[in-house]
Structure formats: C-alpha cells, structure tokens
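To keep things clear, I will list the structure first and then write my remarks on it.
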Amino acid sequence: MILTALIILLALLVLSVPVAATLIVLALMLDEFFSPFPLFRAMGDVLWTASDSFLLIAIPLFILLGEILVRTGIAKGTYRSLESWLSWLPGGLLHANIGTATLFSATSGSSVATAATIGTVAIPQGKEMKYDPRLFTGSIAAGGTLGIMIPPSINLIVYGFLTETSIPQLFAAGLLPGLLLATLFIVGTALICIWKPSLGGPSVSHSWGERISGLRNLIPVLVLFGIVVGSIYTGMATPTEAASLGVLGAMVIALSMGKLSTKVIIQALDGTMKTTGMIMLIIMASYFLNFVLASAGVTRELTGFLESAGLGPYSTLMLAILIYIVLGFFIETLSLMVITIPIVAPIIIGMGFDPVWLGILLILLIEMALITPPVGLNLYVVQGVRKGGPFSDVMVGAMPYVAMMLVMAVILILFPSVALFLPGLMN
479 MILTALIILL ALLVLSVPVA ATLIVLALML DEFFSPFPLF RAMGDVLWTA
529 SDSFLLIAIP LFILLGEILV RTGIAKGTYR SLESWLSWLP GGLLHANIGT
579 ATLFSATSGS SVATAATIGT VAIPQGKEMK YDPRLFTGSI AAGGTLGIMI
629 PPSINLIVYG FLTETSIPQL FAAGLLPGLL LATLFIVGTA LICIWKPSLG
679 GPSVSHSWGE RISGLRNLIP VLVLFGIVVG SIYTGMATPT EAASLGVLGA
729 MVIALSMGKL STKVIIQALD GTMKTTGMIM LIIMASYFLN FVLASAGVTR
779 ELTGFLESAG LGPYSTLMLA ILIYIVLGFF IETLSLMVIT IPIVAPIIIG
829 MGFDPVWLGI LLILLIEMAL ITPPVGLNLY VVQGVRKGGP FSDVMVGAMP
879 YVAMMLVMAV ILILFPSVAL FLPGLMN
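Counting with the working numbering, you get residues 479 to 905 for the letters of the sequence shown.
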C-alpha cells in the first residue's frame, strides 16, 4: 500500500497536478482501492475540522505582515545598513545578502517572501559590481530559507498544528538554531571566498559615520520583531494575536515613513489572499489524506515495518532524515510537511525524542528542500527575480549552503540544547 501511494503521488506531481488536488485525488484512490469503508463520505467533516482552528488565522496575518514589508520597500533600507557593516568581510555583498535575510526572516515568516525581497534589492547591485552570479544568487536563495526557521515562522505554525505542539515553544526553539545557521552561512561564505576569491566580490569598507547613521534603517524591523516575538515570549499574546499586532505595527511604521497607500494595501491583501488560499487548501487536503491513510492502515503498516526492522531510536531518526533529504528533491516544502509529518512525527516522538526539538530538525531538513533541485522553490524565485542567465548558476551556487545545513543538522543531533535551551526557560 505504501509503495502504491508513493507511485501515485509522484505520478500526479510529475503531471503538474496542483498539490491540493493531488492530495485529494490520492486520498480518494486509496479509499477506493484499500479501504473497506466509504471514507469519502467523511470528507466534508474532515475538511471543516482541518480549517476550523483559531491558530490557523495566524497564517494569513503573518503573510500580510511580510507583504506589507515587501510592498513598502522597508527591506531596501535594511540591506543598505547591513551592507555597510558586513561588506568588509571576504565575499563583500554576499554577507549583506545573508544578514538582511536573517533580519527580514524575523518579521516575514516566509522563505519565498524573504528570497524574493532580498533578490530584488541585491541582484542589481551584484550585477553592477560584477560579482560571480553563482555564489551570489546561491547566498540569496540560502538566506531566504531562514524565513521558516527564525520566528515568526508559518511552517513552524503548521508543524505545531499538525503535531499539537506548543507554538510559543517552537518559536523559542527556532531562534538560536536560526541565528547559528545564519552564522554558519557567513563563516562558510567567507572561507569559500578566501579559498577562491573569484567566487566573491570586492570587499568594501564604510566609515563609522555611515555605519552608525545607517542603523536607523534597522529600527522598523527590530521594532516589529520585538512586537511579534516579544509579545509571544512574555505570554502577553498568542501567536495569532501577535501576528495581528505585527500587521498593525507594520502599517503604522509604513504610514509614519510615508510609504503606505491604498495601492500598497490592495496589493498586499491580494498577495495575502492568493498565498493563504494555496496554503489552506493544501492543509485541508492533507488532513483528508492523512485521515484516509490512518483509516486504511498505512500508518500501522509503516510503524510495523520500522518495528520489525529492529532499528534503534537513532537509526530510525537517521532513516527519517534520509527520507526527507530524498523527498526534498521532488516535493515542494509545504507539501512535504503536511504529507509526512503526521506519519513520521508520532513514530520518532514515540521513541523518546522531544517534539519541539524534532520540529526544529524537520524544519531544517525542509529548509534544505527549498534549495535542492529540481523542485527547490527558492531557486526558482531567485532565478525569476534575476531575469536572465542560466538556471544552473543558482543551483550550483546553493550547493555549498546545502552542506552547511547538513553540518547544522549534525549540531542539532549532537547538541539538542541548541534548540531546547530557550523553551526550557519558558517552563
């Protein structure tokens, strides 16, 4: 049954059937072939239950927050400020790409929005200063992946919803690993450019006056981060309430800067509705698929297979990591989450692993899927913003950052406290 489900799933994805429709069709086919009961009759109730959650309201709110930041151009000022502080390192502007992505991730919650925004700001400067397009575009694509690790993160909300894990604890757990991963990106980039300077670009020094005066451009992002994440960590607001405070704060900041207009609001709302519709359809469809899989016995079959294989906890974890790496080459990240987590997470957690720590590890592996071809979404986003040049440049440039993510995965496994330290302080 598992093999049949996997073949049908891959076939539908190869045929470019929309993800939500793929999940529903797969569920109906498995119901027809393997279930002794007409499970499709429960579809309405399952779909309604999947969408009827106060927690999910945070998703469109965080998307709207990111859209406002994108449409008002706040990220451009952030990039200029971080360029003055980081471009002296070997690699020059590559570090501004990663640093700006890190800060922007702390407010947007979306990897795609982060990659698109940084790409729009950075790529013209990279072309003007004649940077090698491979590592330059790769650093933007990789920096964008931080959007689903550093809180607030839409994907962490989805993980918490699917596994009934505390969202505030997940947000706390994602902060240190996200910052550590950004640091690995910067150090790794510097080492690559020291080894082969032609892959980077000219290091640029700025005066202390320029650096200090540019700090004012960081204030909007830092204020929003303080509003959203601070209100969650202090217990003053739920993730949904914090998201609404973030939207309100972004609108007030944009208005005070003279960048908020009716056109910007309409564009932000339009982008929010499109993205939210896609995410919600996928979540609802995945819930029905998981209901069918559980009812038809796939979950029991997979659990029985792992138990009969005689694998220990860490061997099972390594197998799960390998599965995620392989599936990440072929399946889009949100789809990968909603298809696998309801099956994989209970098995791994049942072996004694912490659900919060597991969430951060799985998010890291899903981040990797954003920059591994042929389905790495951030690669296509950066290539689209780039508007020319071979796609292979972006793919090749992202590969060193895949290796850095694997190093981060090893760190998380060897030192779980990297993810669990801040959640422990909340208990």
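Virtual Cβ for every residue (Gly too), placed ideally from N, Cα, C.
Quick caveat, the model's predicted, so the values are computed rather than measured.
Practice problem: Identify, in the order they occur along the chain, each residue of the same chain with its Cβ nearer than 6 Å to the Cβ of Pro901, setting aside the five sequence neighbours on each side. | Solution: Position 423 of the sequence shown, counted from the start, is the residue given in the question as residue 901. Counting only Cβ-Cβ distances below 6 Å, and skipping sequence neighbours, we find Gln647, Ala650, Ala651, Val834.
Quiz item: In terms of alpha-carbon separation, which member of Asp523, Thr482, Leu613, Leu890 lies closest to Val874?
Solution: Residue mapping note: residue 874 aligns to position 396 of the sequence shown, counting from 1. Looking at the Cα atoms, Leu613 is the closest of the given residues.
Quiz item: Tell me which same chain residues have a C-beta within less than 8 Å of the C-beta of Ser676, skipping the five on either side of it?
Solution: Translated into the one-based positions of the sequence shown, residue 676 becomes position 198. Closer than 8 Å at Cβ, skipping near neighbours: Asp610.
Exercise. Check whether the Cβ atoms of Gly551 and Ala579 sit closer than 9 Å, and answer yes or no.
Key: As a first step, residue 551 must be located in the sequence shown, where it is residue number 73. As a first step, residue 579 must be located in the sequence shown, where it is residue number 101. Against a cut-off of 9 Å, the Cβ pair of Ala579 and Gly551 comes out as no contact.
Practice problem: State whether the segment 590-603 contacts the segment 616-631, with contact taken as three or more CB pairs (one from each stretch) at a distance under 8 Å. | Solution: yes
Quiz item: Do you know how far the Cα of Leu543 is from the Cα of Thr585?
Solution: Counting from one through the sequence shown, the residue named residue 585 turns up at place 107. Counting from one through the sequence shown, the residue named residue 543 turns up at place 65. Between Thr585 and Leu543, the C-alpha separation is close to 7 Å.
Self-check item: Which listed residue (Leu547, Ile541, Gly522) has its alpha carbon closest to that of Leu733
Solution: Counted from its first residue, the sequence shown places residue 733 at position 255. The shortest Cα separation from Leu733 among Leu547, Ile541, Gly522 belongs to Leu547.
Quiz item: By a C-beta neighbour count over all protein chains shown, 10 Å radius and 16 as the cutoff for buried, is Ala505 buried or exposed?
Solution: For the purposes of this step, residue 505 is taken as residue 27 along the sequence shown, with counting starting at 1. The residue is buried, with at least 16 neighbouring Cβ atoms inside 10 Å.
Quiz item: Excluding the five sequence neighbours on either side, which residues of its own chain have a C-beta within less than 8 Å of the C-beta of Val896, listed in chain order?
Solution: Position 418 of the sequence shown, counting from 1, holds the residue named residue 896. Contacts found: Leu654, Pro655, Leu658, Ile889, Leu890.
Quiz prompt | Cutoff 6 Å; reference Pro442; Cβ partners in own chain excluding five residues on either side | solution = The requested residue 442 is not part of the displayed model; the chain covers only 479 to 905.
Quiz prompt | Residue interval of the alpha helix (DSSP H) (run including Met714) | solution = Residue numbering aside, residue 714 sits at position 236 when the sequence shown is read from its first letter. Segment: none, Met714 is in no alpha helix (DSSP H) and carries neither H nor E.
Quiz item: Which whole-angstrom value describes the C-beta separation of Ile841 and Leu539, a residue pair presumed to lie in contact below a C-beta threshold of 8 Å?
Solution: Stepping through the sequence shown from its first residue, residue 841 is reached at position 363. Stepping through the sequence shown from its first residue, residue 539 is reached at position 61. Incorrect: roughly 20 Å between the Cβ atoms, too far for contact.
Quiz prompt | Start and end residues, alpha helix (DSSP H) containing Met627 | solution = The count along the sequence shown starts at 1 and reaches residue 627 at position 149. Run containing Met627: none; DSSP gives neither H nor E here.
Exercise. Would you mind giving the Cβ-Cβ distance between Ser681 and Pro568, rounded to the nearest angstrom? I have them listed as a contact below 8 Å.
Key: Within the sequence shown, the letter at position 203 stands for residue 681. Within the sequence shown, the letter at position 90 stands for residue 568. Yes, Ser681 and Pro568 are in contact; Cβ-Cβ is about 6 Å, under 8 Å.
Quiz prompt | Cβ-Cβ distance between Gly806 and Ala763 below 9 Å | solution = Position 328 of the sequence shown, counted from the start, is the residue given in the question as residue 806. Position 285 of the sequence shown, counted from the start, is the residue given in the question as residue 763. Contact: no.
Quiz item: Between the C-alpha atoms of Thr754 and Pro496, what's the straight-line distance to the nearest angstrom?
Solution: Translated into positions along the sequence shown, residue 754 becomes position 276. Translated into positions along the sequence shown, residue 496 becomes position 18. C-alpha separation (whole angstroms): 15 Å.
Quiz prompt | Assumed close pair Val863, Asp509 - CB separation to whole angstroms, cut-off 8 Å | solution = Looking up residue 863 in the sequence shown gives position 385. Looking up residue 509 in the sequence shown gives position 31. Not a contact, Cβ separation roughly 41 Å.
Quiz item: Run through DSSP, which three-state label would His684 get?
Solution: Working through the sequence shown from its first residue, we reach residue 684 at position 206. His684: coil per DSSP, three-state reduction.
Quiz item: Alpha carbon to alpha carbon, how far is Tyr765 from Leu789?
Solution: Reading the sequence shown from its first residue, position 287 is the one you call residue 765. Reading the sequence shown from its first residue, position 311 is the one you call residue 789. Taking the straight line joining both Cα atoms gives about 29 Å.
Quiz item: Which residues bound the alpha helix (DSSP H) around Phe540?
Solution: The residue you call residue 540 lines up with position 62 of the sequence shown. Note, Phe540: alpha helix (DSSP H), 536-550.
Quiz item: Ordered along the chain, which non-local residues of its own chain (more than five positions away) have a Cβ less than 6 Å from that of Leu843?
Solution: As a working note, residue 843 is residue 365 in the sequence shown. For Leu843, where only same-chain residues beyond five positions count, the Cβ hits under 6 Å are Tyr802.
Practice problem: Could you please give the first and the last residue of the uninterrupted alpha helix (DSSP H) stretch that includes Pro791? | Solution: The residue given as residue 791 occupies position 313 in the sequence shown. Run containing Pro791: 791-806, per the alpha helix (DSSP H) assignment.
Quiz item: Among the residues of its own chain, which have a CB less than 8 Å from the CB of Thr643, if the five just before and after it don't count?
Solution: Here residue 643 corresponds to residue number 165 of the sequence shown, with the count starting at 1. Closer than 8 Å at the Cβ level, and outside the excluded window around Thr643, lie Tyr637, Pro833, Val834, Gly837.
Practice problem: Compute the Euclidean distance between the alpha carbons of Ser870 and Ile628, then round it to the nearest angstrom. | Solution: Here residue 870 corresponds to residue number 392 of the sequence shown, with the count starting at 1. Here residue 628 corresponds to residue number 150 of the sequence shown, with the count starting at 1. Ser870 and Ile628: Cα-Cα distance of roughly 28 Å.
Quiz item: Over what stretch of residues does the alpha helix (DSSP H) that includes Asn856 continue unbroken?
Solution: As a position in the sequence shown, residue 856 is number 378, starting the count at 1. It spans 855-864 - the alpha helix (DSSP H) in which Asn856 sits, taken as one unbroken run.
Quiz item: What do you get for Ser691, buried or exposed, if any count of 16 or more other CB atoms within 10 angstroms of its CB means buried?
Solution: Locating residue 691 in the sequence shown gives position 213, counting from the first residue. Exposed, by the Cβ-count rule.
Quiz item: Alpha carbon to alpha carbon, what distance is there between Phe518 and Leu857?
Solution: Along the sequence shown, read from residue 1 onward, the residue named residue 857 stands at position 379. Along the sequence shown, read from residue 1 onward, the residue named residue 518 stands at position 40. About 37 Å.
Exercise. Could you check the C-alpha separation between Val503 and Gln861 for me, to the nearest Å?
Key: Locating residue 503 in the sequence shown gives position 25, where the first residue counts as 1. Locating residue 861 in the sequence shown gives position 383, where the first residue counts as 1. Approximately 31 Å between the Cα atoms of the pair.
Quiz item: Given a threshold of 16 other Cβ atoms within 10 Å of its Cβ, counted over all protein chains shown, does Ser565 qualify as buried or as exposed?
Solution: Position 87 of the sequence shown, counting from 1, holds the residue named residue 565. Label assigned to Ser565: buried.
Quiz item: What is the DSSP secondary structure of Trp526, counted as helix, strand or coil?
Solution: Counting from one through the sequence shown, the residue named residue 526 turns up at place 48. It is helical.
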